[in-house]
Amino acid sequence: MNVTWVHSLPTGKETGTFLTIDLGGTNLRVCKVTLHGESAKNKDQKYDIEQEQYKFPNSIKSTNADELWTHVAEKLEDFIENKGLAKEYDDKNKMPLGFCFSYPATQDGIDHAVLQRWTKGFDIDGVEGHDAAAQLRAKMEEKKLPLDLICVINDTVGALVASAYSDPATIIGGIFGTGCNAAYMSSVSSIKKLSPDDERLKDKDGNTRPLMAINCEYGAFDNARKVLPWTKYDAQIDEESPRPGQQAFEKLSAGLYLGEIFRLILVEFADRGLIFADQEKNGNEKLRQRYSIDTGFLSQIENDETEGFTDTRGMFRDVLGLDVADEELEVFRRVAELIAVRGARLCACGVAAICLEEGITEGHVAADGSVANKHPHFKKRWAKALDQILGFDSVGEDQDPIIITSADDGSGVGCAIIAAMEMEDRLQRQAA
Ligand code: BGC
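Read in order, the letters of the sequence shown are residues 1 to 432 in UniProt numbering.
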């Protein structure tokens, strides 16, 4: 669990214009976010956002630090130029920048983030053990970009803050996507890693701030493999990953891995001659290719309501070049369901653990990520599991005391709000 130096949820009054970057799994997203706060004409539209997605080159996941930050700085430069921002900002008047860096990081302050380890299949040399903010700042200086890096945030904290900006009932920000994780507001007195006398916790009047957002990093839960049952497929995924032994919980439940678990099961069935018997003889390359099946594939299997499941059959043909027999189809649908149910129930365990530990009994869990947003049954299964753990009298998932909601844009808007709160805090401290 990591401290984040975000000391409060927003008031909803935060304003200003910010640049944000999000170093995601497949894209680099750059946004210009304008927060309207209370002056928003429409309560449902409290911000404006202009954004660009830059697809990472395939090689980026295993490049080195210098190439990574050069790439990021080039895209920032590109955005600044395309949006005409160089006319408004220069070396003396820099544009505030928020950086959403969704990997486990040790933060000594809000503008600092030492990467503990890459997750989600990233394996870029020279960043682990270093301050990602300092590395990016150095590249921005080299390129003379008129940007001032104000904060580094985790995507879960962004989801929590962005959602609380318009929904004060928000209690937790959760990401159920390529990776899995959640953040919540904790009382500072219960954070054992920090002494309440730590100067960094003091506000402008010298009082210790009462709250801090905690980035749980529960994707790393049970790395010692003492608690959760593992299948041999889980073990194989772990062994073949760039960081064996890490992110144990995430490898059982997050989007990056669900499709691969499905593929490994199919490969075993095929090896045992149980499926694709004739087709295997012709050599099936695609099924044997690691990560050739993604989680979207599983979502589509479970979402298929066509007669005779023609969509699923078409997908097997298009993605894997395989024809599926009726009995095979039945088995595949059941396997896809089992994998997704396990994933959703584990995701509920993570949130339930926070609620039990913190004594949270009501509120909204603002969720983002491809699994939460795109899997047809995730939210229902998640809610059912939460009901069972927390013992709600299930009155229907929308009326439970703790419900899952769709998070607002954490890595863009959330990141901008946190930058706004930090800048306001700096002003107050200077004035004091
Ligand atoms: C990272 C977390 C992140 C989560 C969701 C995990 O792999 O360790 O920092 O919040 O993915 O993106």
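All C-beta atoms, glycine included, are put in the ideal place defined by N, C-alpha and C.
Exercise for review: May I ask you to report which of helix, strand or coil DSSP gives THR119?
Suggested key: Your numbering for residue 119 matches position 119 in the sequence shown. DSSP places THR119 in coil when its eight states are reduced to three.
**Study point:** Integer-rounded CB distance, given that GLY173 should sit under 8 angstroms from GLY410
**Key:** Here the question's residue 410 lines up with position 410 in the sequence shown. Here the question's residue 173 lines up with position 173 in the sequence shown. 6 angstroms between Cβ atoms; contact.
Review point. Skipping 5 residues on each side, what residues in its chain have a beta carbon closer than 8 angstroms to that of GLU77?
Key: Here residue 77 refers to the residue found at position 77 when the sequence shown is read from its first residue. If we look at GLU77 and ignore the five residues flanking it on each side, its Cβ neighbours are LYS143 and LEU145.
**Study point:** Short CB-CB distance (under 8 angstroms) between ALA113 and chain C
**Key:** This model lacks chain C altogether, as it is built from one protein chain only.
Practice item. Compare the Cα-Cα distances from ILE60 to each of PHE101, ARG209, ARG263 and THR26 and report the closest residue. Key: Within the sequence shown, the letter at position 60 stands for residue 60. The candidate whose alpha carbon is nearest that of ILE60 is THR26.
Review point. Is it right to say ALA224 is buried, meaning 16 or more other beta carbons lie within 10 angstroms of its own, or is it exposed?
Key: Within the sequence shown, residue 224 is the residue found at index 224, counting from 1. Burial call: exposed.
Review point. With 16 as the cutoff for other CB atoms within 10 Å, does GLU327 come out buried or exposed?
Key: Residue mapping note: residue 327 aligns to position 327 of the sequence shown, counting from 1. The residue is exposed, with fewer than 16 neighbouring Cβ atoms inside 10 Å.
Review point. Between the Cα of ALA376 and the Cα atoms of THR295, PHE79 and ASP234, which residue gives the shortest distance?
Key: On the sequence shown, position 376 is the one that residue 376 refers to. Looking at the sequence shown, residue 376 is not Ala but Pro. For PRO376, the nearest C-alpha among the options comes from THR295.
**Study point:** Residue of THR20, GLN289 and HIS130 minimising C-alpha distance to ILE150
**Key:** Residue 150 sits at position 150 when you count from the first residue of the sequence shown. Considering only alpha carbons, the answer is THR20.
Check your understanding: For ASN215 versus THR310, is the C-beta spacing smaller than 8 angstroms?
Key -> Taking the sequence shown and counting its residues from 1, the one referred to as residue 215 is at position 215. Taking the sequence shown and counting its residues from 1, the one referred to as residue 310 is at position 310. No, the Cβ-Cβ distance between ASN215 and THR310 is not below 8 angstroms.
Check your understanding: Does DSSP put ALA366 in a helix, a strand or coil?
Key -> As a working mapping, residue 366 is identified with position 366 in the sequence shown. It is a strand residue.
Exercise for review: Report back the beta-carbon spacing between ALA254 and GLY219 to the nearest angstrom; my notes put them in contact at under 8 angstroms.
Suggested key: For the purposes of this step, residue 254 is identified with residue 254 of the sequence shown, where counting begins at 1. For the purposes of this step, residue 219 is identified with residue 219 of the sequence shown, where counting begins at 1. Contact flag correct, Cβ pair sits at about 7 angstroms.
Review point. Could you check where the beta strand (DSSP E) with ASP180 kicks off and where it finishes?
Key: Within the sequence shown, residue 180 is the residue found at index 180, counting from 1. A quick correction: the sequence has Cys, not Asp, at residue 180. 180-187 is the span of the beta strand (DSSP E), which, as asked, contains CYS180.
Check your understanding: Among all the DSSP beta bridges, which residues are the ones paired with CYS100?
Key -> Within the sequence shown, the letter at position 100 stands for residue 100. In DSSP, CYS100 forms a bridge with ASP22 and ILE153.
Review point. Taking 7 angstroms as the cut-off, is the CB of THR156 close to at least one heavy atom of ligand 1?
Key: As a working mapping, residue 156 is identified with position 156 in the sequence shown. Yes, the beta carbon of THR156 sits closer than 7 angstroms to at least one heavy atom of ligand 1.
Review point. Counting Cβ pairs, one atom from each stretch, are 3 or more of them under 8 angstroms apart for the region 29-43 and the region 232-251?
Key: no
**Study point:** the region 188-203 contacting the region 361-380, beta-carbon criterion three pairs below 8 angstroms
**Key:** no
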